[in-house]
Each structure stands twice: as structure tokens, then as C-alpha cells.
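Engineer: Questions regarding the structure given below will be posed in turn.
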Amino acid sequence: MGNIEENISEIRKHFMELQNEKYTIRNGRLQEKEEYLKSLYVQMLSTVVQYENDVTEMQLLFLKRIVKGLCCELQTEDYMRKALDISMVEVKEFADAYQSEEGRYYFALNGMILSALGGRDDSNYEYLAELIQVLGIHTTELRYLSKVAESVLMQSSEIFDEAKKMMTEELGFLDVTDYIRNFYAGAVVDSKSAVVYSAPEKQVVHSLETGGMEFYQRKVVFANIEINVAGEWQFHGCEEVRFENCTINGKGGYLYLQGVGSFQMKECKVRDFTNAFAHLESVGKVLIVSSEFNECERKEKATGIVGGGVFCYKGEGESVVFDGNYVQNVYIENTNGYGAASGAFFGLKNDESNMCLKKIEVKNNIFVGGNCIAKNYNAHRVEKQLIYYKNVQKVSEENNTVKGGITTIIDAKGFKTLW
């Protein structure tokens, strides 16, 4: 019986680790901080967990989700042990580091949830309140954060809707998606600085049927939803545009991103776009990972070369990376009898456009049935290929698979013409 109990215990521990991985609470800005400041952050949360309180299993699990999302060097238990000997110097350093930036709001939210998951001793709540006061969080801000904490603890969409009504413009940049993604469907954040749509499972939360929708917010995120794109869906000057685990259907429209700092896609499914999926103009960083693209195309009539059946690019940027994607039946076509076409998946939009990038990286992808269609390749020194570029400092291609259709992924010579 002893061996069975030990084996089951290990299995349960493994399942718990998988849950922590699945429900990690990510925070990009905190994750980017140096390890010492992240350590202080977790240690102070650990003091909240351990002060006048017998640590519960739920508290430990929630704290592990936070530590996982911060990508800390040590284990949660290590930070809890360090917290037992934390000094006033370290407490002051924590306050100085966080009292004037957004990390304090996440600290307050995490602290309230952790306290509520414990024995709910009055002394513990008083200690947390003192920490929040030191961080300089105002009453109106605290009212919103406490309502969000309540919605997380109760797993209630109705309570979170109440919290959204309390949000001030100063808190519009906060992203609480990972706290509520397993129960809430809709606009998690909708402010002048950020837009975040999410759902527990893929749902048609935001169906785009008009061409007049534009986003200018600093951060735009869509997660776990199904989107129907009709007309031109525009993103201008955003620092970050991100899609995670979304199904995106072409209904006669396409995405247009102009001056965007970072465009990211992960584990998405894109299908049935007839004028390319995304038109990219001077987008800084493009990262497309573990996504599927099916039945996408673009047609243009031009005397030169046209490119980009799924992603067409023009302007200046830093990098374009495609990693671990599945691409099937995509093509680019030039309907002009004197023109050529290349870049069935990604390419320079046309000869009238410019492209200037530091890096293109294509790795671990599977391409099935891609094609370039044109009547006059003799006048243009360009191959039929999946990736078509111009003026890129570094191009790399590795561990990709091509099944049918175009056999060339990237022409190492890049772009040349006879003129």
C-alpha cells in the first residue's frame, strides 16, 4: 500500500504542476524586471501568506501560478523561506521600486486574493492594508481591485462586469486576463490605452462585419475567441497586437497593421481570406508561432512582381519570425499578363513598395500545396517561393517541410530584377 500511495501522490503532484502551467498568471512588465526586484515582489507576497496565518494549499497553488508567470529563478518554497528573514532594508527597497509603477496594483490584487484564500485572520488583512497604503494606492483604485479580486474568488462574470464599471482611466492599462480567463467571456479591458477580449473557450465574442473598426490603443489582445473579419480591420500605432488561441475567419476582409511595434500570433487558426490575411506596413516585430493557415490567397494586377498571399509587407521593421506553423493551400496571383508573383505565404506587397528588415527567420513549419500564379516569369528574375523578400540583413531557414506545390521556401538571393 505504501508504494501505491507514493505513486498516486507523485501523479497528483504532476497533475498539479500541469494545472499551474495551464493557469499561469503572466505579467510581461514584471517578468522583464531584474531577478532581485522580482524576488522582493514574491517575498513580500509570501509575507502576506505567512503572517498570522497557517498556509493553505490554495494559497500555495495561487502563489505558484504567480511565480511561474514571472519566470523566477527559484521555486515558490524558496521565496517563502527567504520571506521569513526579510529585512526592513529589503521592505524599503520593495516600496521604493513599486510604489510609483503598475506593479503595485498587481501586488494589491494578488495580496487580496491570497489573503482571502487563507484563514482570514484580521491581523493578516490589517498587514496587507498597511502594505497597500505604503504603495500609495488610492481608494477609487482599491475599490476596483477589490471587486476584481471578488470576481476571481467567486468565479463570477456578473461581479467582474461590476468591477469594469469602477475602472478609472488610470487603471485602463491593467491586464487581468489570466485571472479571469477560465470564467469570463467578453472585453476584459476596453480603455483608451488597452483592449483585451477573452473567453474561457472559443466563442464568437467579437464578430467583425464592417470595415470601419480601428484600434489605436497601446495594447490590443484577443484570446480564446472566434472572429469573423469583414472589411478592413485597422490597427494604427499600437505597441502590441496579439492573438492567442483564436479562430479567425475571412468574410471578405483582412487585417491592416500600420506602425505597430509588435504583432504576435500563437496557436491560432486562420482560414478563407481572399485578399491576404494581414497587410503589414512598417511593423516592428512579427512573431507567428504554432498557428494554422488554410485556404488564403491574394490577387493583384501589376506589371512587376507581387507577393504575400497570407502576409504582405511593406516598409521598415526589425524582424519576421515564423515558427512551428502549418500552412495549407495558400497562393499569390498576379492577374497582369506582364507581371510575376512570388511569396505565396509572406512577401513584399509589390514593386512599388519597399521592404527593409533586419531579420527573417523561418523554422519548424509545414507547407502544403502553396502556389504562385502569373503568366510572365521570363521577364523577371524571381522564383516561385513561399517567402519573398527584399533588403533583409539576415535570412535563415531550417527544419521546414514542404509537401506538394511550391518546393522553394526562400530564394537565398532574395529580390533581383533585370532592370
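In short: position in the sequence shown from 1, add 10, done, that's the working numbering. All C-beta atoms in this analysis are idealised placements derived from N, C-alpha and C, irrespective of residue type, glycine included.
1) Measure the Cβ-Cβ separation of Phe303 and Val337 and say whether it is below 7 Å.
2) Say whether the region 91-104 touches the region 163-175, bearing in mind that this needs 3 or more beta-carbon pairs closer than 8 Å, one atom from each stretch.
3) Could you please give the first and the last residue of the uninterrupted beta strand (DSSP E) stretch that includes Gly196?
4) Give the list of continuous beta strand (DSSP E) stretches no shorter than 3 residues that lie fully inside the region 349-410.
5) Quick check: the region 64-84 against the region 33-43, are there 3 or more CB pairs under 8 Å?
6) Less than 7 Å between C-beta atoms, sequence neighbours within five positions excluded: which residues of the same chain meet that for Ile190?
7) Could you pull the DSSP bridge partners for Gly238 from this structure?
8) Just to check my reading of the structure: Thr418 and Gln403 have Cβ atoms closer than 8 Å, yes? What is that Cβ distance to the nearest angstrom?
9) Where does Thr411 land, buried or exposed, given buried means 16+ other C-beta within 10 angstroms?
10) Excluding the 5 residues flanking Gln109 on each side, which residues of the same chain have their C-beta closer than 6 Å to its C-beta?
11) Opposite Val337 in the DSSP bridges: which residues?
12) Tell me whether the beta-carbon of Gly415 lies closer than 7 Å to the beta-carbon of Gly379.
13) Would you mind working out which of Thr66, Gln53, Phe183 sits nearest Leu127, comparing C-alpha positions?
14) Does DSSP put Ile142 in a helix, a strand or coil?
15) In the DSSP assignment, what are the bridge partners of His246?
16) Using 7 Å as the threshold, is the C-beta distance between Cys322 and His289 below it?
17) Leaving out the 5 sequence neighbours to the left and right, which residues in its chain are closer than 8 Å to Leu94 when beta-carbon positions are compared?
18) Compute the distance between the beta-carbons of Gly347 and Gly314, then report whether it is under 7 Å.
19) Quick check on the DSSP output: the beta strand (DSSP E) that includes Arg281 runs from which residue to which?
20) Taking the alpha carbon of Tyr266 as the reference point, which residue from Thr257, Phe245, Cys306 has its own alpha carbon closest?
21) Tell me whether Tyr399 is buried or exposed, calling it buried when 16 or more other Cβ atoms sit within 10 Å of its Cβ.
22) Have a look at Glu151 and Glu112 and give me their C-alpha separation to the nearest angstrom.
23) I think Ile370 touches Val330, with their Cβ atoms under 8 Å apart; what is that distance to the nearest whole Å?
24) Classify Cys366: buried if its beta carbon has 16 or more other beta carbons within 10 angstroms, exposed otherwise.
25) Taking buried to mean at least 16 other C-beta atoms within 10 Å of its own C-beta, is Ile142 buried or exposed?
26) Between the C-alpha atoms of Asn192 and Pro210, what's the straight-line distance to the nearest angstrom?
27) Based on the DSSP secondary-structure assignment, which residues constitute the bridge partners of Ala288?
28) Indicate whether Gly318 and Phe356 have their beta-carbon atoms separated by less than 7 Å.
29) Would you report the Cα separation of Lys373 and Val405, rounded to the nearest angstrom?
30) Along the chain, where does the alpha helix (DSSP H) containing Asp88 start, and where does it finish?
31) Please list the terminal residues of the continuous alpha helix (DSSP H) segment that includes Gln41.
32) Take Glu408 and list the residues in its own chain whose beta-carbon comes closer than 7 Å to its own, dropping the five residues that flank it on each side.
33) Find out if the Cβ-Cβ distance for the pair Lys157, Met177 is shorter than 7 Å.
34) Tell me whether Thr187 is buried or exposed, calling it buried when 16 or more other Cβ atoms sit within 10 Å of its Cβ.
35) Mapping the DSSP letters down to three states, classify Tyr46 as helix, strand or coil.
36) Among the residues of its own chain, which have a CB less than 6 Å from the CB of Val316, if the five just before and after it don't count?
Structural biologist: According to the structure data:
1) Walking along the sequence shown from the start, residue 303 turns up at place 293. Walking along the sequence shown from the start, residue 337 turns up at place 327. A contact, by the Cβ cut-off of 7 Å.
2) no
3) For the purposes of this step, residue 196 is identified with residue 186 of the sequence shown, where counting begins at 1. Gly196 -> beta strand (DSSP E) spans 196-200.
4) 350-352, 356-358, 365-373, 376-383, 402-408
5) yes
6) On the sequence shown, residue 190 is found 180 positions in, with the first residue counted as 1. So the list reads Ser161, Val162, Phe170, Val198, once near-sequence residues are dropped.
7) Position 228 of the sequence shown, counting from 1, holds the residue named residue 238. Residue 238 is actually Asn in this sequence, not Gly. Partner(s): Asn259.
8) The count along the sequence shown starts at 1 and reaches residue 418 at position 408. The count along the sequence shown starts at 1 and reaches residue 403 at position 393. About 21 Å separates the beta carbon of Thr418 from that of Gln403, a gap too long to meet the 8 Å contact definition.
9) For the purposes of this step, residue 411 is taken as the residue at position 401 of the sequence shown. That one is exposed.
10) For this step, residue 109 is matched to residue 99 along the sequence shown. Hits under 6 Å: Leu145, Gly146.
11) The count along the sequence shown starts at 1 and reaches residue 337 at position 327. According to DSSP, Val337 bridges with Phe303, Phe377.
12) As a working mapping, residue 415 is identified with position 405 in the sequence shown. As a working mapping, residue 379 is identified with position 369 in the sequence shown. Yes, the Cβ-Cβ distance between Gly415 and Gly379 is below 7 Å.
13) Counted from its first residue, the sequence shown places residue 127 at position 117. Of Thr66, Gln53, Phe183, the residue nearest in Cα terms is Thr66.
14) The sequence position of residue 142 within the sequence shown is 132, counting from 1. Of the three classes helix, strand and coil, the one that applies to Ile142 here is helix, per DSSP.
15) As a first step, residue 246 must be located in the sequence shown, where it is residue number 236. Beta-bridge pairing links His246 to Gln268.
16) In the sequence shown, residue 322 corresponds to position 312, counting from 1. In the sequence shown, residue 289 corresponds to position 279, counting from 1. Yes; because the gap between Cβ atoms is below 7 Å, this pair is in contact.
17) Start at 1 with the first residue of the sequence shown, and residue 94 comes out as number 84. Correct list, in chain order: Gln60.
18) What you label residue 347 is simply residue 337 of the sequence shown in a count that begins at 1. What you label residue 314 is simply residue 304 of the sequence shown in a count that begins at 1. Against a cut-off of 7 Å, the Cβ pair of Gly314 and Gly347 comes out as no contact.
19) Sequence index remark: in the sequence shown, residue 281 carries index 271 (1-based). Segment 279-283, the beta strand (DSSP E) holding Arg281.
20) By one-based count along the sequence shown, residue 266 stands at place 256. Taking only the C-alpha atoms, the option nearest Tyr266 is Phe245.
21) Within the sequence shown, the letter at position 389 stands for residue 399. Result: buried.
22) Locating residue 151 in the sequence shown gives position 141, where the first residue counts as 1. Locating residue 112 in the sequence shown gives position 102, where the first residue counts as 1. Their backbone Cα atoms lie some 12 Å apart in a straight line.
23) As a first step, residue 370 must be located in the sequence shown, where it is residue number 360. As a first step, residue 330 must be located in the sequence shown, where it is residue number 320. With a Cβ gap of about 5 Å, Ile370 and Val330 count as contacting.
24) If you number the sequence shown from 1, residue 366 lands on position 356. Exposed, because fewer than 16 other Cβ atoms sit within 10 Å of the Cβ of Cys366.
25) Taking the sequence shown and counting its residues from 1, one reaches residue 142 at position 132. Classification of Ile142: buried, given that the 10 Å Cβ count is 16 or more.
26) As a position in the sequence shown, residue 192 is number 182, starting the count at 1. As a position in the sequence shown, residue 210 is number 200, starting the count at 1. Looking at the two C-alpha atoms, the distance is approximately 4 Å.
27) Here residue 288 refers to the residue found at position 278 when the sequence shown is read from its first residue. DSSP output for Ala288 lists Leu265, Phe321 as bridge partner(s).
28) Stepping through the sequence shown from its first residue, residue 318 is reached at position 308. Stepping through the sequence shown from its first residue, residue 356 is reached at position 346. The answer is yes: Cβ separation under 7 Å.
29) Mapped onto the sequence shown, residue 373 falls at position 363. Mapped onto the sequence shown, residue 405 falls at position 395. Rounded to the nearest angstrom, the two C-alpha atoms are 11 Å apart.
30) Along the sequence shown, one-based indexing puts residue 88 at 78. Its alpha helix (DSSP H) spans residues 86-93.
31) Stepping through the sequence shown from its first residue, residue 41 is reached at position 31. That run of the alpha helix (DSSP H) goes 38-41.
32) By 1-based counting over the sequence shown, the position of residue 408 is 398. Cβ neighbours of Glu408 beyond the five flanking positions: Lys373.
33) Within the sequence shown, numbered from 1, the residue matching residue 157 stands at position 147. Within the sequence shown, numbered from 1, the residue matching residue 177 stands at position 167. Cβ distance not < 7 Å, so Lys157 and Met177 don't count as in contact.
34) Taking the first residue of the sequence shown as position 1, residue 187 is located at position 177. Classification of Thr187: buried, given that the 10 Å Cβ count is 16 or more.
35) Counting from 1 along the sequence shown, the entry for residue 46 is found at position 36. DSSP places Tyr46 in helix when its eight states are reduced to three.
36) Taking the first residue of the sequence shown as position 1, residue 316 is located at position 306. Once the five neighbours on either side are set aside, the close Cβ partners of Val316 are Glu310, Asn344, Ala351, Asn360.
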